[in-house]
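The structure under discussion appears below in the form of structure tokens.
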Amino acid sequence: MSHLTYREAISAAIWEEMERDESVFLLGEDIGLGGGAFYITKGFQERFGRERVVDMPLSEAGFTGAAIGAALNGMRPIVEFQFADFVTESFKMIVDFAGGNHYRQMGPVPIVLRLPSASLTSAGPFHSQNPEPWFFSTPGLKIAAPTTAYDAKGMMKTAIRDNNPVLYLEYKKFYSYPLGDLPEVLRPDIPDEDYTVPFGKARVLRKGGDISLITFGTTVLEALEAADILDSEGVQVEVIDMRTIFPFDKNAILNTTRKTGKLLILHEARKRGGVAGEFASIVAEEAFEFLDAPIRRVGAIDTPVPMSPPLEKVYLPGTERVVDALRELAAY
Amino acid sequence: MNNQHEESSGAPVTKDDLSHLDYFKDLKERYLSIKDLDARWHSIEEPAITPDRDTCMHIHYLISLTRAIEETLDSSFRSGHIPGTAFFGRGNEASSVASASCLHEEEWLIPMHRNCGAHLAKGHPPVSIMSHFFGRAAGPSAGRDGNFHVGYRPKKITQLISHIGTMVPIAAGIAWAEKIRGTGRAALTYIGDGGSSAGDVHEGMNLAAVQKLPLVIIIDNNQFAYKTLLKDQFACKSLVLRAPGYGMPGYLIDGTNALLMRKICGDALERARAGEGPTLIESITIRAAGHSVYDKFSDYADMEELNKWNEERDPVKRFDEYLLANEIVSEDEIGTSHTRARQDAEAARDEALKNPFPSPESVEDDVYAPD
Amino acid sequence: MYQARVRMPQMGSSVHESTVIEWKKAVGDRVLKGEPLVSAESDKVEFAIEAPASGVLKEILVASEKIVAVGEVLAVLETDEPFSEEEITPPTPSGPPKTSEWTAPVAPMKRERYKPTSPRPTQRPLQAEDGGITTPQADLNYNMPLISRNMWLSPRVQRLAAEHGLNLGAVASLAGSGTNGRVTAQDVDRLIAAKNSQESDIIKLIFSPMVPPEARERTEPLSRLRKRIAENLTRSVQQIPQVTTFLEVDMSDITAWRAAHKDEFEHKHGAKLTYNPFFALAIIAALRDPENERLNGTFEDDALTIKRYVNLGLAVDSPEGLMVPVLRDADGLGFADLVLALTDIADRARTGKLAPEEVKEGTITLTNFGASGALWGNPIINPPEAAIVGTGAVAPRAIALPGGGVGVRPTMGLSVTFDHRANNGIAAGRFAATVRTALEGMDLSQLEF
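Protein chains in written order, with the working numbering: chain X, 688 to 1019; chain S, 238 to 608; chain P, -10 to 438.
Below is the structure:
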């Protein structure tokens, strides 16, 4: 057992899989010589060689397409995007080619697209985005959103071994987050032996009987903080980390709704068109009779991501917005 | 593809706008100035290496079969058997067959929508192609796609998507896998004159060149991109000039000359297999029919000039003439080959029409690959 | 006209002096705030000193090539606005800016702990920019009044009701703990739990004799005290023509107020808050009206003595028998004192610690037989008093609502037994009605404790 940071966990998972399976290779900008913008692949080129850790020219569409081609021809490439925001360069390759290829009977596309996602203080409109709303409705894709080092390691292995295109969202904020500052539930021990975390299985971070708070990604921090505050006010909030955005653990959502009757869905992505809308609709369709209050959603406001700190603070769904929503739900 | 069902409108194109039909002649003059830039020009007069008789007949059959299959599909469309639309590559038969015939069995072909000949040269059974067009479950995509978005996995042929340019990086990736695994195999892909404007083509070619991938890229310059002429498509004198820009060798050839294409493409593939990196081949042909079955070609093209071209340079006719002129085969054998091609095409159509449609229950299958 | 002094700035923490290089402006020149006035040099860095305010350069005090200590005055400007020296903006050096190294964002990001003080974002709805062509907003009427709100039951509440066989009307008439009195799922959960615990009071039937033959009966003679009480009761029934008049009282407000305050009262005064003090207050309030004075007094020797003070008797069931201690001058007590006094005499009656004068000279008695669960009763007058007020259990019952319709409210059965020699039915009825009005309309906000 050990404690790794989120970054170390991702690195370790990729390293171990590259040792296990020769068909795994890495491509991306600045990953070889430079070890990557976030140093996830530091030391990899020395160990695995220039053939398997390849520095790409600045052409996301081109090298995503190439990764897909290589996957068609028996390889298991892992593409690093420097920031999730740049995935839009490859939108067509992912959505129009990779997503539908297996459905069109043209074979699996076992690629992993690593996407450093979400805000990082004042990173601005093009280094802070959450890409999942853009891809959520495309069939054939899987979207992983690990929040802990344990999940990051296990889910990276699942992603690499999965025969489908996987968008693996890495929450930049967590890369170097000091373990000591994390709530205990977000730093489970990491086994030494090989393990995987399956897609489509949520995790209950905190049990409670009054309100269900469903979230994923960076906002697990706000969720737990808000739940503590409500606890001191006598309201017990159940916090659930979805861990994967697609496939998602529908039963976890429905079961907790049945338990409490009051639901708040929270994510850092903007509220409009965010995945919370899908979860809320599912609850309305399948657990309507168990609702004691309208379903609430909290997300970023519907603007591009602003840079200046006071603006960004309003943009992001901070703990106080979550607390306000929880209190309103509790009083309803 | 661009709007498949759009009616053409506007004034007819005048003869002055059709200077591209003399493209050939102009280029021959320009050749003298681009010689130094490592782009090689091969004229129709230059003798190509003629393979043995059997190979010639095989290529003849494939070229004829390509024409026969597309004509059969065309008439099938007019009989209502094809849901959706269809694109054909009339005028591109020699170029496609000859190039793809240089591929080895285990190598990948990444074709575009006017490379029927390439499918056939690679061994894609005609009944499979037709079943696909007819939307039947037995087609390679089980009815999930149609038109020339057809691949064939047993023969390592990829299925293209409508977004033009996409396949060049994909082809680069396929070639890349061969390189990583050290198989010594190459890959072959195509892009149109219009398609060559897409950003992905730049990215794919650059990547292939910088990583020295074993890929041959053929630009099927048939001088029309739907209703857009070459002068609106690019400003450089010739698309082959992009090759030195990427750092790869480029060839500009008459694409209606099957054996010339076979030589140039064969050499390029050999170089790729030997690890010398990618090659660009610009193959000049003419799009002898409209963009799609819905396109009213005569609305924007001078049919007189077009027919003149076809008289002089129809690839099927040219190969017939070549074989006869060089006394490689007899006229009877040529006639037999054409007849056989037509019969095989019709037989494939009849068989394909018997294949059932996919069941409605299957619509949600296979969105995801299993573990 | 004001003055602004231009001083030598400090160009670095270790710099103590700088050299004046060249004046860019001359005496008499008009200058704008921020305009460079003079160049200077320190530690090989050349910089410009800017005008701290707009005005006219009146005096130059230091010539070129002179070394000047930080803070010394170099020139004086005549300005239009008053100038305070704190406003001096630090001059910018004209040398190349220091380059800072780009560090990749790998340093740990310190996350701010939640502090509930920052402004809340308001999500403005997307404004229609098409000249108001969008559909206008319908009146959605979110703030329903209390009575309607109670009838609004969420899907979960209705499902719970259906699952547990609860009548929706019963659920709707619960005092809801949600916003605007909404009946929440938790309220219904509590109701279900209460119902479940009630239903366990089922009487078991046994089919055999209750006791063995030798225990079938026993005789208990009355104690002396009980004999006296019995005599009193018998004399009352035999001698007084007493009639009871009955009324139903809506106890909603008092019930709610009591529920809300009883814990606090007990915590503060150490005494339980029962319904007795409320009944007492109502009786006293009713008797303040001279129309009802005839119900408060004693009837002896064919004469009614009307008392204009209230000595309230409280019927208490003690182990020794029925005791009726009297709280003298109950009408003068404040709320808290009343509660404590009633509690006190009741306790002492139960424990047999009453003084003899404490069971005498009552003017009217209250008997709260509702404590035993009975809904209605016709109490016996405590002679020689003219009347006795009986109160039944406060229980939820269907009653007519003020606005029409039927609702379930906590209701109490009020009875007044009166000596028909002293009063007629109408007077008694009026008194009872006043007691009811006093209970239903009690100004609870005045109850300080």
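Note that beta-carbon positions come from the ideal geometry of N, C-alpha and C, so glycine has one too.
Note that the structure is a prediction, hence the values are computed from the model and not measured.
Asked: Taking only three categories from DSSP, how would you classify S:F324?; Found: coil
Asked: Rank P:A151, P:V45, P:R205, P:I218 by C-alpha distance to the C-alpha of P:V65 and give the top, closest one.; Found: P:V45
Asked: When the Cα atoms are used, what is the spatial distance from S:D469 to X:P991?; Found: 37 Å
Asked: Please confirm whether P:R179 has its beta-carbon closer than 8 Å to some beta-carbon of chain X.; Found: no
Asked: Using the three-state DSSP reduction, which class does X:F933 fall into: helix, strand or coil?; Found: strand
Asked: How would you label S:D551, buried or exposed, when you count the other beta carbons within 10 angstroms and need 16 or more for buried?; Found: buried
Asked: Scan the segment 794 to 809 of chain X for residues whose Cβ lies nearer than 9 Å to a Cβ of chain S and list them as they occur along the chain.; Found: G794, P795, V796, P797
Asked: Out of P:S28, P:A42, P:S43, which has the shortest C-alpha to C-alpha gap to P:F36?; Found: P:S28
Asked: Out of S:P595, S:L478, S:T292, which has the shortest C-alpha to C-alpha gap to S:I490?; Found: S:L478
Asked: Return the chain-ordered list of same chain residues with a C-beta closer than 8 Å to the C-beta of X:K946, the five sequence neighbours on each side being excluded.; Found: G896, S899, E925
Asked: Which one or two residues does DSSP pair with X:N788 in a beta bridge?; Found: Bridge partners of X:N788: none, in fact.
Asked: Find the residues of chain X that neighbour P:A174, judging by a C-beta separation of less than 8 Å, and give them in chain order.; Found: G948, D979
Asked: Tell me which same chain residues have a C-beta within less than 7 Å of the C-beta of S:E588, skipping the five on either side of it?; Found: V364
Asked: With DSSP as the reference, identify every bridge partner of P:D408, one or two as the case may be.; Found: P:Q231
Asked: Could you please give me the residues that DSSP links to X:K829 through a beta bridge?; Found: X:V853
Asked: Please list the partners that P:V160 has in chain X, where partner means a Cβ-to-Cβ separation under 8 Å.; Found: The contacting residues do not exist; P:V160 stays about 13 Å from chain X at best.
Asked: Just to confirm my understanding: we take P:Q(-8), look at its own chain, exclude 5 residues before and 5 after, and list those with CB closer than 8 Å. What are they?; Found: K47, V65, L66, E67, T68, F72
Asked: Closest Cβ-Cβ distance between X:Y693 and chain A: below 8 Å?; Found: Of the chains in the structure shown, none is chain A; the protein chains are X, S and P.
Asked: Compare the C-beta of X:A910 with all C-beta atoms of chain P and state if any pair is closer than 8 Å.; Found: no
Asked: Does DSSP put S:A472 in a helix, a strand or coil?; Found: coil
Asked: Which residues of chain S have a Cβ atom closer than 7 Å to the Cβ of X:H779, listed in chain order?; Found: It should be noted that the sequence gives Lys, not His, for residue 779 of chain X. Simply H400, T403.
Asked: Residues of the segment 359 to 373 of chain S in Cβ contact with chain X at a cutoff of 9 Å, in chain order, please.; Found: none
Asked: With H, G and I counted as helix, E and B as strand and the rest as coil, what does DSSP make of X:R984?; Found: strand
Asked: Per DSSP, which residues does S:F461 bridge with? Please list them.; Found: S:L466
Asked: Taking only three categories from DSSP, how would you classify X:D783?; Found: helix
Asked: Does DSSP put X:M705 in a helix, in a strand, or in coil?; Found: helix
Asked: Considering only residues of the same chain and omitting the five flanking positions on each side of X:L691, which have a CB-CB separation below 6 Å?; Found: A836, I877
Asked: Note down, in chain order, all residues in the segment 746 to 767 of chain X with a beta-carbon under 7 Å from any beta-carbon belonging to chain S.; Found: S746, A748, G749, F750, G752, A753, A754, I755, G756, A757, L759, N760, G761, M762
Asked: Flag P:G154 as yes if its beta-carbon sits less than 8 Å from any beta-carbon of chain X, otherwise no.; Found: no
Asked: Starting from the C-beta of S:E568, find all residues in its chain whose C-beta is less than 8 Å away, skip the five residues before and the five after it, and write them out in chain order.; Found: L561
Asked: What's the C-alpha gap between P:L276 and P:W365?; Found: 22 Å
Asked: Take P:L322 and list the residues in its own chain whose beta-carbon comes closer than 7 Å to its own, dropping the five residues that flank it on each side.; Found: A330
Asked: Who are the neighbours of S:A606 on chain X, taking C-beta pairs under 7 Å?; Found: H789, P795, N850, N851
Asked: Is the shortest distance between the beta-carbon of X:K888 and the beta-carbons of chain P less than 8 Å?; Found: no
Asked: DSSP three-state call for P:V383: helix, strand or coil?; Found: coil
Asked: Is the Cβ of X:A696 closer than 8 Å to any Cβ of chain P?; Found: no
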